[in-house]
């Protein structure tokens, strides 16, 4: 059998999963950006036969599992074509790459590409989480300075985090606590819509990785982040400060069941959830990263997440690729 | 058109301020090794 992984060359998350494959399993890493190095990608249809996908001239048959990981997102200026053709070439490359995402309908996808795209919408996530029974903090996503001012004024203290997945050049943005008394550039929201959310005081912060119906719960944390003038409330900052820690933990059965239900309702086979447990023992849903990072949790806690992903990719019986086509 | 200063600009942290010495912290090293560095690469998604 074949397992196809769509990702950037050198992705360190691939070998830990591949080591669990049996000797009759062929791993094929498709790095769409390498088409510019001549690693070709083709789709062929005939009047009578099934669709055929080939990579570097080899037909990809007997594909049991497809893992959509973290391929490079190319930008037009980086393409090795004349400047007048860069946007054109990028558009063609994107169209070809997108074709890959609707192939292999009988394979297990971790996860369906289009389900990942849909699930990255925070508004959709929070509404779904609430409907399933998770507790969700008061949240405002907006480009409206007036609504933002009112939200912050009403709560007194809240956290703010960017909607953009990419950071500005030369700097990073974390979830940050703000107070109503602090002068802030609310007019800047028209060019920078963000998420405002009630500030929770955590007794524990949880990173919960779910693969199918297997739940791997970790408590995460670190020391106080020290950034002058910026009250960071984000455990990712602890990694850069060298104080990050993670350890295996337990969580209520009902919360685990809700996580699995959330994935099923989203058409996902994988999710990396972030929760806060407050000092009253109440668990708050913050977000689900539909294609989130997990290897650092396995490396730190020893929980067998890579084995679970490998197991899912090689079990055809779990096939549920929806090919739903559009985010 | 007049340039707009983004809301989050006042809350941005210089990238070099968050890259401290992490060799003595195995969990932090694991995080840095296994997640996508959003400051230097352009992979799908982020370090979430």
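Protein chains in written order, with the UniProt record's numbering: chain A, 1 to 327; chain B, 1 to 48. Every residue gets a Cβ at the ideal spot worked out from N, C-alpha and C, and that includes glycine.
- If you look at residue 306 (chain A), you'll find it in the alpha helix (DSSP H) that goes 305 to 314.
- Judged by DSSP in its simplified three-state form, residue 8 (chain B) adopts helix.
- Listed along chain B, no residue sits closer than 8 Å to residue 37 (chain A) by beta-carbon distance, the nearest being about 17 Å off.
- With distances taken between CA atoms, residue 145 (chain A) lies nearest to A:184 out of A:255, A:184, A:21, A:273.
- Beta-bridge pairing by DSSP links residue 289 (chain A) to A:272.
- Under the 10 Å beta carbon count, residue 44 (chain A) is surrounded by fewer than 16 other beta carbons and is classified as exposed.
- In this structure, the straight-line span from the alpha carbon of residue 20 (chain A) to that of residue 178 (chain A) is close to 46 Å.
- In the displayed model, residue 264 (chain A) falls within a helix according to three-state DSSP.
- Per DSSP, the continuous alpha helix (DSSP H) segment holding residue 240 (chain A) begins and ends at 236 to 241.
- Residues of the same chain with a CB within less than 6 Å of the CB of residue 151 (chain A), apart from the 5 flanking positions on each side, are 140, 196 in chain order.
- According to DSSP, residue 43 (chain A) shares a beta bridge with A:53.
- Residues of the same chain with a CB within less than 7 Å of the CB of residue 225 (chain A), apart from the 5 flanking positions on each side, are 232, 237, 238, 241 in chain order.
- Per the coordinates, the alpha-carbon of residue 169 (chain A) lies some 25 Å from the alpha-carbon of residue 290 (chain A).
- For the 7 Å CB-CB criterion, residue 215 (chain A) and residue 256 (chain A) form a contact.
- Annotated three-state conformation of residue 93 (chain A) is helix, per DSSP.
- Among the residues facing chain B, residue 246 (chain A) is included, as its CB has a counterpart in that chain under 7 Å away.
- Rounded to whole angstroms, the gap between the alpha carbons of residue 259 (chain A) and residue 162 (chain A) is 24 Å.
- Only residues of its own chain outside the window of five on either side were considered, and among them 258, 285 have a CB closer than 7 Å to the CB of residue 134 (chain A), listed in chain order.
- In the three-state reduction of the DSSP assignment, residue 27 (chain A) falls in the strand class.
- Taken atom to atom, the span from the alpha-carbon of residue 193 (chain A) to that of residue 158 (chain A) is near 16 Å.
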